[in-house]
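Data block below; observations after.
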Amino acid sequence: MSALIIDGKAIAAKVRGEVAVQARELAARGVVPGLAVVLVGEDPASQVYVRNKTKAAREAGLTVFDHVLPASTGERDLLSLVERLNSAPQVDGILVQFPVPKQIDAQKVQRSIAPEKDVDGLHPESAGRLWAGHPSFVPCTPLGVMRLLKESGATLAGADAVVIGRSNLVGKPMVALLLAADATVTVCHSKTRNLAEVVRRADVVVAAIGRGEFVKGDWIKPGATVIDVGMNRNADGKLCGDVEFAAAAERARAITPVPGGVGPMTIALLLDNTVQAARRRLPR
Ligand code: NAP
Numbered sequence: 053m054s055a056l057i058i059d060g061k062a063i064a065a066k067v068r069g070e071v072a073v074q075a076r077e078l079a080a081r082g083v084v085p086g087l088a089v090v091l092v093g094e095d096p097a098s099q100v101y102v103r104n105k106t107k108a109a110r111e112a113g114l115t116v117f118d119h120v121l122p123a124s125t126g127e128r129d130l131l132s133l134v135e136r137l138n139s140a141p142q143v144d145g146i147l148v149q150f151p152v153p154k155q156i157d158a159q160k161v162q163r164s165i166a167p168e169k170d171v172d173g174l175h176p177e178s179a180g181r182l183w184a185g186h187p188s189f190v191p192c193t194p195l196g197v198m199r200l201l202k203e204s205g206a207t208l209a210g211a212d213a214v215v216i217g218r219s220n221l222v223g224k225p226m227v228a229l230l231l232a233a234d235a236t237v238t239v240c241h242s243k244t245r246n247l248a249e250v251v252r253r254a255d256v257v258v259a260a261i262g263r264g265e266f267v268k269g270d271w272i273k274p275g276a277t278v279i280d281v282g283m284n285r286n287a288d289g290k291l292c293g294d295v296e297f298a299a300a301a302e303r304a305r306a307i308t309p310v311p312g313g314v315g316p317m318t319i320a321l322l323l324d325n326t327v328q329a330a331r332r333r334l335p336r
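Position in the sequence shown (from 1) plus 52 gives the number in the working numbering.
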């Protein structure tokens, strides 16, 4: 079998187009969605992420408020900036790019963001609301995965889904979303025994490990849908996912490539979350 390659770039472009339409509709009603992006320090990867997010947001018609702070910034200074953004009426979403320098407690920063502006979905209130089935902001990467699954035509109700990874950013919200979509979900992590056997039973595999080509092609059940969240460099310095792509594509029904799969979706769903946050400002 040769798998459908799920084109994350094209699907992300479609989502960004939908966001742009919504942003225009909101602007016509006097609400221009605003995203504050905060970068502390000069980590090159974070600079690239922030640049990409900012560019995509502006292209979709959002106003971006950039805040670049030196690596020596103290926790109190960052928290007071977040406080100002929490009460700034033009700011609908606040994104603090992680990781932050080590003198700053990342969890404290996540808790400081007003839940109604938590477009990254990392506030514990957002996480709790997701698990309890209340409306909430959901981290952008797992949201993007759900959209890819939908666009690929995967059946989730009753499916055996395996999520590898249990981070707050990807694995845990992924489990909550798949469960809400009526999948039977197994969560795997570094202490899981017989990972290969668990994956072999899965109709849907979401790999969010951070280890290049760790999931072997022959672990994939014929006909499964495989979503590869991992972003790694292989021995040749080339970008690769957590799944052995070519071998997995021989068996899967559908699979995401790396790059060009999940990555572009994360930014698109951040813009979508921001536009949804801006709806709060519409007159009732
Ligand atoms: P993370 O916080 O490091 O979590 C990695 C998870 O993988 C942990 O739960 C860990 O288990 C598990 N794990 C590690 N080794 C394992 C093993 N041998 N067997 C099974 N599970 C194992 O990473 P993350 O933030 O979730 O990100 C995961 C990957 O996705 C990374 O490559 C990251 O770059 C990528 N990512 C991509 C995007 C995107 O937009 N494309 C966004 C976010 C992340 P324990 O909990 O037991 O340690």
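Every residue gets a Cβ at the ideal spot worked out from N, C-alpha and C, and that includes glycine.
Distances from the CB of residue 261 to the heavy atoms of ligand 1 include at least one below 7 Å. The DSSP-derived three-state label of residue 286 is coil.
With 16 or more other CB atoms across the displayed protein chains lying within 10 angstroms of its CB, residue 265 is buried.
For residue 307, the shortest separation between its Cβ and any heavy atom of ligand 1 does not lie below 7 Å.
By the neighbour-count criterion, in which 16 or more other beta carbons inside 10 Å mark a residue as buried, residue 85 falls on the buried side.
Using a Cβ-Cβ distance cut-off of 8 Å, the segment 137 to 157 and the segment 80 to 96 are in contact, since at least three pairs of beta carbons, one from each stretch, lie closer than that value. Residue 327 sits away from residue 64, with the two beta carbons spaced by 8 Å or more. For residue 293, the CB contacts under 6 Å within the same chain, skipping 5 residues up- and downstream, are 280, 282, 310 in chain order. Taking all protein chains in view, the Cβ of residue 296 is crowded by 16 or more other Cβ atoms within 10 Å, so the residue is classified as buried. A direct Cα-to-Cα measurement between residue 224 and residue 237 gives close to 11 Å. For the options 233, 89, 271, the alpha carbon positioned closest to that of residue 183 is the one of 233. The residue among 190, 87, 204 with its C-alpha nearest the C-alpha of residue 308 is 204.
Within the same chain, 64, 67, 68 come within 6 Å of residue 320 by CB-CB distance, once the 5 residues on both sides are set aside. Per the DSSP secondary-structure output, residue 238 pairs in a beta bridge with 214.
In this structure, residue 306 and residue 55 form a Cβ contact; the two beta carbons are roughly 6 Å apart against a cut-off of 8 Å. Under DSSP, residue 115 forms a beta bridge with 86. Looking at the DSSP output, residue 277 bridges to 256, 306. According to the DSSP assignment, residue 180 belongs to the alpha helix (DSSP H) that extends over 176 to 184. With respect to the 8 Å criterion, residue 121 and residue 148 are not classified as neighbours on the basis of their beta carbons. Per DSSP, the unbroken alpha helix (DSSP H) holding residue 196 starts and ends at 192 to 203. Shown here, residue 57 sits in a strand according to DSSP, grouped into three states. Partner residues in the beta bridge of residue 267, as assigned by DSSP, are 295.
Rounded to the nearest whole angstrom, the C-alpha separation of residue 330 and residue 129 is 26 Å. The three-state secondary structure of residue 313, taken from DSSP, is coil.
The beta carbon of residue 275 sits closer than 7 Å to the beta carbons of 305 from its chain, once the five residues preceding and following it are set aside; these are given in chain order. Taking the Cβ of residue 188 as the reference point, every heavy atom of ligand 1 lies at 7 Å or farther away. In summary, residue 324 is buried, with 16 or more beta-carbon neighbours lying within 10 Å of its beta-carbon over all protein chains present.
A distance below 8 Å separates the beta carbons of residue 229 and residue 194.
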